[in-house]
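Participant: Going by our numbering, the first residue of the sequence shown is number 10, and it counts up by one from there. All C-beta atoms, glycine included, are put in the ideal place defined by N, C-alpha and C. Note that the structure is a prediction, hence the values are computed from the model and not measured.
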Amino acid sequence: MLCRIFALSAALFSLVAHAAVTRVEVTERADLPVAGFERITGKLHFAEDPKLAANKAIVDLALAPKNAQGLVEFTSDFQVFRAKDIGKSNGTALLEIVNRGRSLMWTSFNTGANANMRLMPDFGDNFLLAQGFTLVWVGWQFDAPKDAGSFKLYAPMIANITGPVRIEVLPNSKQTFDTLPYPLADASSGTLTRRDSPYGPRSVIPRTQWQYSADSKRIEYASGFEPGRIYEFVYTAKEPVVAGLGMAAVRDYISHIKHHGTEPTAAGSSNEIKRAMAYGFSQSGRLLRTFLYEGFNADEQGKQVFEGVWANGAGAGHGGFNQRFVQPGRTTGEYSGSYYPTDQPPFTPAGILSKAVLANVAPKLILSNGSHEYWGRAAALNHISEDGLHDVEPPANVRLYSIASIQHGGGSGAANALVANPTNSLDVTLVNRALILALNAWITSNTPPPASLYPRIDKGELVPVSSIRYPYIPGLAMVSEVYAVRHLDFGPDYLTKGIVAYEPPRAGAAYPVLVPQVDVDGNEVTGIRLPELRTPLATYLGWNLRNASVGSPHQQYALMGSMARLALDRGDREKSGDSRLSITERYRGGRQDYLTRIEADAKELVKRRFLLVTDVQRALTLAGRHWDQIAGAITK
10 MLCRIFALSA ALFSLVAHAA VTRVEVTERA DLPVAGFERI TGKLHFAEDP KLAANKAIVD
70 LALAPKNAQG LVEFTSDFQV FRAKDIGKSN GTALLEIVNR GRSLMWTSFN TGANANMRLM
130 PDFGDNFLLA QGFTLVWVGW QFDAPKDAGS FKLYAPMIAN ITGPVRIEVL PNSKQTFDTL
190 PYPLADASSG TLTRRDSPYG PRSVIPRTQW QYSADSKRIE YASGFEPGRI YEFVYTAKEP
250 VVAGLGMAAV RDYISHIKHH GTEPTAAGSS NEIKRAMAYG FSQSGRLLRT FLYEGFNADE
310 QGKQVFEGVW ANGAGAGHGG FNQRFVQPGR TTGEYSGSYY PTDQPPFTPA GILSKAVLAN
370 VAPKLILSNG SHEYWGRAAA LNHISEDGLH DVEPPANVRL YSIASIQHGG GSGAANALVA
430 NPTNSLDVTL VNRALILALN AWITSNTPPP ASLYPRIDKG ELVPVSSIRY PYIPGLAMVS
490 EVYAVRHLDF GPDYLTKGIV AYEPPRAGAA YPVLVPQVDV DGNEVTGIRL PELRTPLATY
550 LGWNLRNASV GSPHQQYALM GSMARLALDR GDREKSGDSR LSITERYRGG RQDYLTRIEA
610 DAKELVKRRF LLVTDVQRAL TLAGRHWDQI AGAITK
C-alpha cells in the first residue's frame, strides 16, 4: 500500500503555546498502512526560560545563547502515529524514549514487525495501534546519528567554556583512529593510556606515538588500537552542548499534547490524549530513571507529565544525560565503560522517585530487568540495601520484575562470531505485550498489575557469585567475573552543577554484587519464567564471553547471553559428562509431549497476567520452532 502524502512539506503551523512548545513544524503527513491511522512527522520548536524553577535542573541552561525575550531556543525531531477518528483512541499517549535515535519499541511489542515502520510488512500484527495507543517519538539525544527514521535533538552549544573530556576505545578489530566527541580546545592537551582490565593499572602511551588529525576531529594512533585492550584518551574540549534540554523536550511536548492534542493546527480537534506513559529500553530506560530523579515529571506549571513509566533493561543505571560535556551514548558493562557515570545512586525506586513524590507527580512505575542486567548492569541494586545484606521493598506505586535467564532484551539465538558461546534464544516480546497493557490499565482504571516478582535475598534466590550452583555443562565457556558498580568521584561540582573536574574519575569501593540463583539445569529459579525456561531444551544464561578472536576471552561481551543445548539422549549425555537430563529423558512423548507442557506453562502465565490469552498460540509456535532447531533429530 502506498502512503497518501499530504502537500505539507516544511509547512509551519502557529499555535497557542503551552509550556515551552512554540511551534510544530510538519514536514510529512501520511496515511499509515492501517486503516484509520496516520503518521505526522516533523520538527518541534521550543523556547525555555532559564529563570523558571522547572528548568533550574538543566545544566548550563543559564549560560546558553538567548533570544530577545531571554529564552533559550532549540528544536527536536518528532513523529506521531494517531487515529484520525478519536473513537479509535484509547486515550493514552505512549511515548518511547528512542535509543540512540531509533525506535526499539516497535519490534518489542509488534510481532513480525520491522524497525522502519513504513511498509505494511513492517507493522507485523500491529499490536500497539490495535490497542488504541497514540504513539509518540521525540528526539532527546544531541549526538544521536542522523539518518532516515531516526530522531535527534538540536541543542545549543556554549562558547568560551572548556573542560576535560574522556573517550574509551575498545575495538573488536585493530583500528588506527577514533573520533573526538567535542571540538578540541587545546592541541597541547591529551593523554592516551592503555590497560588490560577494567580497573587495572594504566600505562601511558608516549605523545610521540599519537597525533591529532589535520582537522582536529580525531586522535590518530599509527601503531593501532588492539582488540582486547582498553584505551582511554583524555583531552581539553570546548563548546559543550546543553544536553539536558533533551529531557525538557520530552517533558514539554507531552505536556503540550495533553492540553492541545496531537493535531498540530491552531484550531486542533477534540483532544484524544487523556493520559500519558513513557517506555524506554536500555539506554532509554536509564534516561527515564534520570528524568524522574531530576524532577522532569513536573511540567513548567508543576503538573504531572507521565502517569505511567516503564524503564526496561536499564539495570541500576542513570547516565550522562544532563552534565557538562556529556556523551549520552556511552554506557557501562563488566568490561567496557567502567568509568562512565552510568550506574550511580540513587538505585532504589524510592530514591528515583523522591523528587516526584515531593512534587506530588510520582507516576506508576515499572522497573524490569533480565538476567544480563544482574550480571552486567548491577540490577540487584534496585532492590537491596547498599551493604548487600537485606531486601528493600518497592513502594506501592512501583512494580519490579525480573525476566529470568534472558540476555539484554531477549534474543533469537542468532550466530555471533564475537562471543564464545551460542547466543540466548529466549524471546520476551509476549511478556512485553502483557506488561504494557497492565501499565495502561493501572493508570486508566487503577487496576493493579501483577505483584512484583524478582529474586530475593531472604528466599535464597539472590546470592553472591561464589554461591551460584551451575551444573557441569561440557563445552560452555564459563563466566569468572561480574560487573560491580564503584563509587566514582568526578569532582566537587559534579553533583551540584554537573561539572566534571576529574577525568578519569577517582574510583572508590565497589557496591555489593548479587545475582540470581539457578536450578539443576542452570536456569534461574525465580522471576518471570518463560514457558521455554520452565520446560527447557537448553540452559539459558544472561552472560556470554568475548571470543578469543577479539581478545580478553575471560571477560563478558556486552549485552549478550549464552545458550547451552541439552544432550539429545542419555548416551550423548553420559558420553560428554553433562549433568543435565537429556531431551529424550525429559520428553518421552517427543515433540507433542514437549508442546503440551509448553501450552500448560503458557496458560499458567496467562493466569498470573504475564501473558495474554491471545498469545498462547504464539508461544507454542516459537517453542515448536526451537524444538525443530534443537531436537529435530528426535523422531518421537
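Which value, in whole angstroms, describes the spacing of the CA atoms of V314 and G100?
Facilitator: Taking the straight line joining both Cα atoms gives about 15 Å.
Participant: Which of the three DSSP states, helix, strand or coil, is assigned to T357?
Facilitator: T357 falls in the coil class under three-state DSSP.
Participant: Short of 6 Å in beta carbon distance, which residues of its chain neighbour F352, apart from the five on each side in sequence? Order them along the chain.
Facilitator: In the sequence as presented, Phe is not what sits at residue 352; that position holds Asp. Result list for D352: A325, G326, T341, A387, V494, in chain order.
Participant: Can you give, in chain order, each stretch of the beta strand (DSSP E) that sits fully within the region 546-631 and has at least 3 residues?
Facilitator: List check, beta strand (DSSP E) in window: 547-550, 571-574.
Participant: I need the boundaries of the beta strand (DSSP E) containing A424, first residue and last residue.
Facilitator: First-last for A424: undefined, no H or E at that position.
Participant: For M569 and V472, I'd like the C-alpha separation in whole angstroms.
Facilitator: Taking the straight line joining both Cα atoms gives about 21 Å.
Participant: For T535, which residues of its own chain have a beta-carbon under 6 Å away from its beta-carbon, when the five flanking residues on both sides are left out?
Facilitator: For T535, where only same-chain residues beyond five positions count, the Cβ hits under 6 Å are P464, E470.
Participant: If G541 sits next to I607, beta carbons under 8 Å apart, how far is it from one beta carbon to the other, in whole angstroms?
Facilitator: The residue you asked about is not Gly; residue 541 is Glu in the sequence shown. The Cβ separation is near 7 Å, so the contact holds.
Participant: Between P458 and G360, what straight-line distance do the alpha-carbon atoms span, to the nearest angstrom?
Facilitator: Looking at the two C-alpha atoms, the distance is approximately 22 Å.
Participant: Please state if the CB of A71 and the CB of L167 are separated by a distance shorter than 7 Å.
Facilitator: The sequence given here has Ile at residue 167, not Leu. Taking 7 Å as the Cβ cut-off, I167 and A71 do not qualify as a contacting pair.
Participant: Measure the Cβ-Cβ separation of G551 and Q416 and say whether it is below 7 Å.
Facilitator: Closer than 7 Å, so yes.
Participant: Could you give the distance in angstroms between the alpha-carbon of N331 and the alpha-carbon of A257?
Facilitator: If you take the alpha carbons of N331 and A257, they lie about 11 Å apart.
Participant: By how many angstroms is the C-alpha of R408 removed from the C-alpha of S461?
Facilitator: If you take the alpha carbons of S461 and R408, they lie about 5 Å apart.
Participant: What is the DSSP secondary structure of D400, reduced to helix, strand or coil?
Facilitator: D400 falls in the strand class under three-state DSSP.
Participant: Applying the criterion that 16 or more other CB atoms from any shown protein chain within 10 Å of the CB defines a buried residue, is P358 buried or exposed?
Facilitator: Per the 10 Å Cβ criterion, buried.
Participant: Would you kindly work out how many angstroms separate the C-alpha atoms of N321 and V259, rounded to a whole number?
Facilitator: Their Cα atoms are separated by approximately 18 Å.
Participant: Can you give the beta carbon distance from V428 to Y566, rounded, assuming they're within the 8 Å contact cut?
Facilitator: Sure, about 5 Å apart at Cβ, within 8 Å.
Participant: If you scan the region 474-534 from start to end, which runs of the beta strand (DSSP E) of 3 or more residues do you find wholly inside it?
Facilitator: Runs of the beta strand (DSSP E) inside the region 474-534: 495-498, 515-519.
Participant: Do you know whose CA, among K155, E177, A450, lies nearest V107's CA?
Facilitator: Nearest option by C-alpha distance: K155.
Participant: How is the alpha helix (DSSP H) around A368 delimited, first residue to last?
Facilitator: Where A368 is concerned, there is no enclosing alpha helix (DSSP H), given that its DSSP letter is neither H nor E.
Participant: Using DSSP with H/G/I as helix, E/B as strand and the rest coil, what is S23?
Facilitator: For S23, the predicted model reports a pLDDT of 40, less than 50, meaning its position is unreliable and no value from the coordinates is stated.
Participant: Give the single residue among G172, S588, F151, I170 whose Cα lies nearest to the Cα of L162.
Facilitator: Among G172, S588, F151, I170, the Cα nearest to that of L162 is on F151.
Participant: Just to confirm my understanding: we take R204, look at its own chain, exclude 5 residues before and 5 after, and list those with CB closer than 6 Å. What are they?
Facilitator: Only R211, I239 meet the Cβ criterion.
Participant: Near D530, what residues of its chain come up, given a Cβ to Cβ distance below 7 Å and the 5 sequence neighbours on each side ignored?
Facilitator: Answer for D530: P480, P545, T548, R589, listed in chain order.
Participant: Does R634 pass the burial test, meaning 16 or more other C-beta atoms within 10 Å, or should it be called exposed?
Facilitator: The residue is exposed, with fewer than 16 neighbouring Cβ atoms inside 10 Å.
Participant: Which stretch, first to last residue, makes up the alpha helix (DSSP H) that contains D40?
Facilitator: Taken as a continuous stretch (DSSP letters only), D40 belongs to no alpha helix (DSSP H), being part of the beta strand (DSSP E) at 30-40.
Participant: Just to confirm, are V33 and P215 a CB contact at a threshold of 7 Å?
Facilitator: The answer is no: Cβ separation not under 7 Å.
Participant: How about the region 230-247 and the region 182-195: do they share at least three Cβ pairs that are nearer than 8 Å?
Facilitator: The answer is yes - the region 182-195 touches the region 230-247, with three or more Cβ pairs under 8 Å.
Participant: Just checking, does the region 303-314 make contact with the region 368-379 on the three C-beta pairs under 8 Å criterion?
Facilitator: Yes, the region 303-314 touches the region 368-379.
Participant: Is DSSP giving W636 helix, strand or coil here?
Facilitator: Correct three-state label for W636: helix.
Participant: Can you tell me whether I214 is helix, strand or coil according to DSSP?
Facilitator: Correct three-state label for I214: strand.
Participant: Jot down the residue ranges of each uninterrupted beta strand (DSSP E) in the region 166-233, minimum 3 residues, whole runs only, in chain order.
Facilitator: You should have 171-178, 184-188, 200-204, 212-214, 219-221.
Participant: Straight-line CA distance for L24 to P337?
Facilitator: The predicted position of L24 is uncertain, since its pLDDT is 42 and thus under 50; a value taken from the coordinates is nonetheless stated next. About 32 Å.
Participant: Inspect the CB distances between the region 438-445 and the region 616-626 and report whether three or more fall short of 8 Å.
Facilitator: With the cut-off at 8 Å, the region 438-445 and the region 616-626 touch.
Participant: Can you tell me the Cα-Cα spacing of S411 and I263, whole angstroms?
Facilitator: Going from the Cα of S411 to the Cα of I263 covers about 29 Å.
Participant: Just to confirm, is the Cβ distance from A573 to S591 under 7 Å?
Facilitator: Not a contact, by the Cβ cut-off of 7 Å.
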